[in-house]
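To start, the structure itself, in structure tokens.
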Amino acid sequence: MSDESVKRRDVMKGVATVAAVAPVATAGCLGDDDTGVDGEPVEEIELIVTTADYDPVRYEFGQLIADNWRELGFDVDVNPTAWNTIVDTAMDQQDFDAFTLNWGGRAERIDPDIFCYDLHHSSQTELGARNQVNFENEEYDEAAEAQRRLYDDEERREQVYRCQEIFAEEQPRTPIANQEQIMPYLADAFDEVVTMMGEGLMSFWTAVDSEPAGGNSELRLGYPSEVNNLNPADGQATHDQQTMRLIYDRLMRINTDGVAEEWLAESVEEVDDTTIEVTIRDGQSWHDGEELTVEDVKFSFEYLGEHSPVLDAATDPVEDIEIVGDRTLRFDLDEPFAPFLAVSLGQVFIIPEHIWAEIPDGMDDVNSPLDFDNPEPVGSGPFQFVDWQRDEQMVLEANEDHFNTPNVETMIKVPGADMSTLVRLLEDEEINMIGWVPGPDTVNRLEEDVDHVENSSIEDHGWYHINYQLERPPFDDKDVRHALAHAIPKQDIVDVVMDGMGTVTHSQIAEVNEFWHNPDVMEFGDDIDRARDVLEEAGYQWDDDGRIHYPAE
Amino acid sequence: MGLREYVVRRIFQLVITYWAFITLLFVLFRAAPGDPTSMFVMDGMDEESRQEIIADLGLDQPLYLQYVDYMGQLLSGSFGVSFRYREPVWDVLVIKFWNTIFLMGAAVICAYVIGVLAGALLGWWRGKRAERVGIVAGLMARSSPEFWTSIIVLSVFAFWLGWLPSGGMRSIGAEMAPSFSARYLSTDFVYHLVLPVMAATIYYMATPLLLMRNTMLDVLKADFIEIKKAEGLSELTILYKHAARNSILPVVTMAAIVTGTAMGGSLVIETVFNWPGMGREMVEAINYNDYPMAMGAFFLMGSVVIIMNFVADLLYVYLDPRVEYK
Amino acid sequence: MSRETQGIDSMASDDGATERIRALAVRTWRTFVDVFEGDRMGQIGLALLLIFALMGMFGPWITPHDPTEINRDDDGSALRLEAPSTDHYFGTTNMGRDVFSQVIVGARASLIVGTIAALIAVTIGTNIGLISAYYGGWTEDVLMRITDIAYALPFLPFVIVLVFLLGPSIWSIIIVIALLLWRSTARVVRSQVLSHKERPYVESARAVGASDLRIMYLHILPNVLPLAFLYAAFSVAWAVIAEANVSFLGFGDPTMISWGQMLFEAYTADAIRFAWWWVVPPGVSIMLLVMAAFFIGRTLERVTNPELRHAE
Amino acid sequence: MSKLELDDLRTYYRMEEGWIEAADGVSLSLEANETLGLVGESGSGKSTVAKSIIRLLPDNGEIVDGSIRFDGEDITELSKRELRRRIRWKEISMIPQSAMNGFDPVYTVGEQIVQAIRTHESDVSKAEARERTKELFDDLGLDEERVDDYPHQFSGGMAQRAMIALALAVDPSVILADEPTTALDVVIQDRILGTIKEMQDELGTAMVLITHDMSVVSETCDTIAVMYGGRVVERADAETIIKRPKHPYTLGLRNAFPDITADSQELVSIPGSPPDLLEPGEGCRFAPRCPFAEDRCWEETPQPETHGDGHVVECHRADEAEYLRKEANRPETWRTDD
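Chains Z, V, D and W, in that order, are what the protein sequence lines are. Just so we're aligned: the first sequence equals residues -12 to 540 in the numbering used here. Just so we're aligned: the second sequence equals residues 583 to 908 in the numbering used here. Just so we're aligned: the third sequence equals residues -2 to 309 in the numbering used here. Just so we're aligned: the fourth sequence equals residues 115 to 452 in the numbering used here.
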């Protein structure tokens, strides 16, 4: 705590110096008499939001937040920016005052590691890494590191709770809301529809375990964009991975409760802190009929570890893989890594060595594994690839030989140019499920007017939030962050922008992620008066125009 | 100048235009901000991985080397590999190209047939109320961007009357026909084709319609029209065999431009009607920073326009026996 | 000989220049008045344009609501998708914004893009046409090849690519549209100048030693100006449509309300299915503005082509 | 019964400002095999008369009164359809001023003649029609092979011959020739006129030759009607008109062309311009330009009066013709004050 305050004082000194130098020339005429306050005015805040069409929610709540901040006396410029540019400037170059963001809830992110460690550990602050806000807090770092080492969930949870507490107290980002994921499907087509936090009807389990109604044997799933490619080494887009995991097995799967469970692995055993022993199921085969062996598994981790930029992080902790039996292999880790089961074993695709060993060397025109378009993917998963007409449909067929044969016989993935074309297709019964959240108005219309369509609903553990650049004033002052956070109309955002389809949140781990969520952290939001009080107590002042000024020196 | 010499010269011009077009493409896209990885940052990619991919795509090479590469690739008939699909751009586009050609080709043909016939009629009806109504209708159609006509026909024929499918090119789940002709001649395909073609036709019809009417006014003043009337030919014969036939030249030249507009229009029409064509691909490619794909689509669209210009010039020579090759 | 065949120029001497231009202005003005007087469509076009221009200029002051404000009812909840009422003439959007106010403010984007892009395009086009026709030779060859290449570029894709490269702002939209739109003006102006170049008034100007620039801009240009005006009207129409298309595809200026953008939002919110009042006003506005430009263009066509005046 | 008889034909054009009285009370008659010359300046209404006969008036043109009898039948009463099927080309064909513009440029001349034949004689095969076209070409002194040429490949004179072939294609009984030779040079003019005459004699076709050129009619026509300001001011047999005209306008016209009489060597044109026919009101329409106009000429419209054998004149001073002729021969008479 004392370290932190020292640091802050240093920064403040810096600011004061700048502030003292810059307006010195004009000090005479801009003197204190004019404004009635001592400190320099707080800089203009540029709030970067997405464009309305990229994400109307972020665009809209950006405006609401700006309105409230202005009420506090801040000078706020809302700047709707193309997503590409946000990535380049704000996320890569860390060149921003504040910007809105949404971490989508993928199954792999149910494990708290990414939200606790990757996003907020001080080692992740270099350009391009994910701690763009430059949050550096030793105490936090300790907790974030600790949760990685603890294989015991209860013990680990304590550290995760600690992370959430410090995060809330420091407010390097202000969590705003979790979206309610409402996805429509045809009621007549299914007896039972499985859904999952964060992914809704796009989840693995929906495809595998949903029970079609009599007469229907197909899952026709619409999604508002097309799969890019089915190269397991590439898979940059979430959607690609969501498709490939139907075709390729993984050793573990994250189940609907968010817990990693054995999948292709029959058993997973922690031999010690850094040694994991995995035994794979007996008698598994590839879609082309070849037998799936433990060598394939070893090959997959090594091959993808070497060639796949996306799975790089997942294979990173692995130092060595050793085959110790017919169906058994051991992973040796550099250091204890608790998320290994969920994040690594649960993410790395198992690919056939007899095919991928040839790539790229056995191919013309393919220079690296990433260049391979993998036109007819061969996996061992519950679905096997049949045909793909890009932008029309992708046909997958149930793998009858799989240990968990899907309940549907066929799955057709249908891409739409946008949500409205998909909703049209659903109403025309051309497709029977949509793996994306339509706008609230469409949800209401489907609910009220369209009888044959039903909505499935589940919370997202992904979170809408706002980021502050902690290296820049005034965000370097925790009091300011607190005040800004208090001023955010979280409830209004959920009610108005999301039309009630969401939940206010105060932590980076969502409430729906019950096991890891810490319900007892500092809460901010919906209280402008409190925000003003906080600023006043910290010595901030307002001039006659209502503009906020830094505390006098 | 003989016909042959004219054609040769025209081909030479074609080559120059092509080269300039291709170079322009390169310059445009290499100046583009962002790179193909930025779309996926939120999906969990770290910085190191991004740099790896950028190097893998050759984007860290000096610009002139990239240009040489690019020209070499194009000369060997390759557009390169899609950043996004990891598949040769040509393989993706060859299917979408035909999807677009069938859609926009049908639309331009419909627009021309209807526009020319109706435009001729408007010219014939000079000064009548029907002409006025026709002109206003034509201007109205031309003033409504494609997406607006699309929204209207969609609302009427798909949502309200429910006669036609609201999007897509084929029914979902239909077996993919193996042969080219079976793909594009099935009733299912035509059923899906009607609505987008209608939307596009309404917009593109206006240009030939109004132009045809204008040139008709000139042609109808010609002496031979009077003679043909005096000859006792039927009005229809005079209107379509003589007057319209003589008015069609500028309209034909305009076809190249209308085709160009239609290529652009495919961006909008295909997006609204969920049509798996080049236009929609291009919009997505830009959104995904997939430059080879966007370039490929742009290249093909430009090629259609350039070739249509070329064909229009040759057609001009064919249609008008008086034309001199200059 | 009529004015059109002779060219508006008989004096080549310097002192006549201003007078001549004034006379030309007066005559042109009279012709405009004449032509518009006899043409209902042209009058409708002018009236519409005037209305839109007023909306564009005074929009922010005459809107009944702030177009970006979320309207709420008494208990603070947003008035989402309200049907048209006396309070909200065109109803509200899914965020509770007033559609009527947005339509009024949206006029500005269309007008700015339409007029400025058209102005730039016609300026470029007229100059290229003038210079290439006047000098001929390789100048003409080069300029006309460039024009050919401009014709080879599919309009909308080019605009979208470039807007994407330059960043989505209204100014890049304007520049990019203008960058292609000049091509048609260049071609027609060139052919018109070619025919003027050989006329006696140019010869005599040359005989008294007028410079090329002087001949081009003081003698020939006034004669092709009506044509340039005509193409300016058409360019306005094309530019407005282009802006709408760009916005509809999601590449528009995110900081500015425009009709295309409104339709894009309405379309992606699927409002076609349940909120016609949000869809129809911006669509009809685009149509009417473009129609106004075409109506005016049609009337101007009669100024440039007197034959048409008699034909109808 | 005359082949073609116009009785008090009034054809007006509707304008915003009122009616243009382009043909105002025109009476003419044409016997089989006769050639009638219709002479006048442009704007005199001669073309309006021709267009009225074949009913090709522009949309704002209207036959407001009078009749046009063809073989005794009033063809102004016919429906468009009947007119097209029975009269046009089959009975009355025409030769336009410029043959080059009379053909559709995008079809060969042969195709167009064949089309005309087959429109009216549906039982004729394409090959037969083509044969007949070749024969016509032959008769008119054109190379048979040229039937496959496009109009632009013909010279002016040849095009005019081809046009005559078209006009004669279905053997009409009347040809309206509207300034058929004005576009050609003098030598060819003569030849074409000769050819027309020849064909006409051979086929027994009547012809109305419309021209502003007195010298042309004098050689070719049996009767001549002179039009001015929408009215026939004088008509008679050719010799009478050439030798003993009575109307001052005819006198003036005579002076404007060489070789009609040896009396005047100097070519003198009539000063002034054609009258405005927009509701002209009372008075002789030639009065403003007439050197012999008197007060009554300004006030009363002269009516047609017959002077001798079929010589009809519309002039208050027709009785003083001898004196007028003498005066008219002096160029000074036609000079205006300036």
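C-beta: ideal position from N, C-alpha, C; glycine also.
Between the CA atoms of Ile289(W) and Gln211(W) - distance to the nearest angstrom: 13 Å
Residue(s) in a DSSP beta bridge with Met239(Z): Glu249(Z)
Residue from His389(Z), Gly489(Z), Pro427(Z) with nearest C-alpha to Asp269(Z): His389(Z)
From Phe502(Z), Tyr537(Z), Val484(Z), residue whose alpha carbon lies closest to that of Leu78(D): Val484(Z)
Residues of the stretch 721 to 750 of chain V whose Cβ lies closer than 9 Å to any Cβ of chain D, in chain order: Leu721, Met722, Arg724, Ser725, Ser726, Pro727, Glu728, Phe729, Trp730, Ile733, Ile734, Leu736, Ser737, Phe741
Segment limits, alpha helix (DSSP H) that includes Lys160(W): 160 to 167
CB contact check: Met253(D) to chain V, cutoff 8 Å: no
C-beta contact flag for Glu198(Z) and Glu179(Z) at 8 Å: A contact, by the Cβ cut-off of 8 Å.
Selection of the stretch 85 to 106 of chain D by Cβ proximity to chain Z, strictly under 8 Å: Asn91, Met92, Gly93
Interface residues of the stretch 231 to 248 of chain D facing chain Z [CB-CB below 7 Å]: Gly247
Burial state of Thr354(W) (16 or more Cβ within 10 Å): Buried is the call here.
Separation of Pro460(Z) from His536(Z), as counted between CA atoms: A direct Cα-Cα distance of roughly 12 Å separates His536(Z) from Pro460(Z).
Neighbourhood of Cys398(W) by C-beta, 6 Å cutoff - its chain only, sequence neighbours within 5 removed: Non-local beta-carbon contacts of Cys398(W) in its own chain, meaning distances under 6 Å to residues more than five positions away in sequence, involve Cys411, Pro416 in chain order.
Option nearest Ile212(D) by Cα separation, candidates Trp273(D), Leu76(D), Leu127(D), Arg270(D): Leu127(D)
Where the alpha helix (DSSP H) through Val840(V) begins and ends: 827 to 854
For Thr682(V) and Glu414(Z), the rounded distance between their alpha carbons: 26 Å
CB contact flag (Arg169(W), Leu197(W), <8 Å): yes
With 16 other Cβ atoms within 10 Å as the buried cut-off, status of Lys204(W): buried
Candidates Asn215(Z), Leu316(Z), Ile342(Z), Trp273(Z), of which the one nearest Glu257(Z) by Cα: Leu316(Z)
Reference Glu289(Z); option with closest CA among Glu340(Z), Trp273(Z), Ala329(Z): Cα-wise, what sits closest to Glu289(Z) is Glu340(Z).
Which listed residue (Ala234(D), Thr89(D), Leu162(D), Ile146(D)) has its alpha carbon closest to that of Gln595(V): Taking only the C-alpha atoms, the option nearest Gln595(V) is Ile146(D).
Phe729(V), enclosing beta strand (DSSP E) - first and last residue: Taken as a continuous stretch (DSSP letters only), Phe729(V) belongs to no beta strand (DSSP E), being part of the alpha helix (DSSP H) at 728 to 735.
Contacting residues, own chain, Cβ-Cβ under 8 Å from Val561(V) (five flanking each side not counted): Past the edges of chain V, shown from 583 to 908, lies residue 561(V), and the structure says nothing about it.
Bounding residues of the alpha helix (DSSP H) (the contiguous stretch that carries Glu47(Z)): 43 to 58
Nearest neighbour of Ser181(W), chosen from Leu250(W), Arg195(W), Gly343(W), Asp121(W) [CA to CA]: Asp121(W)
Straight-line Cα distance separating Thr60(D) from Asp6(D): The pLDDT assigned to Asp6(D) is 48, lower than 50, so where the model puts this residue is not dependable, and the model offers no usable value.
Helix, strand or coil at Arg439(W) according to DSSP, with G and I counted as helix: helix
CB contact below 8 Å: Ile717(V) versus chain W: Not closer than 8 Å to any Cβ of chain W, the Cβ of Ile717(V) fails to qualify, so no.
Phe741(V) classed as buried or exposed, judged by whether at least 16 other C-beta atoms fall within 10 angstroms: exposed
C-beta neighbour in chain Z for Ile851(V), strict 8 Å: no
Contact set for Asp138(D): own chain, Cβ-Cβ below 7 Å, skip 5 residues either direction: none
Continuous beta strand (DSSP E) stretch holding Leu323(W): start and end: 320 to 325
Three-way DSSP call (helix, strand, coil) for Trp707(V) in this model: Coil, per DSSP.
Asp267(D) at chain Z interface by Cβ criterion, 8 Å: yes
Where Ser74(D) meets chain Z, residues with beta-carbon distance less than 9 Å: Asp482, Val483
C-beta neighbour in chain D for Gly92(Z), strict 8 Å: no
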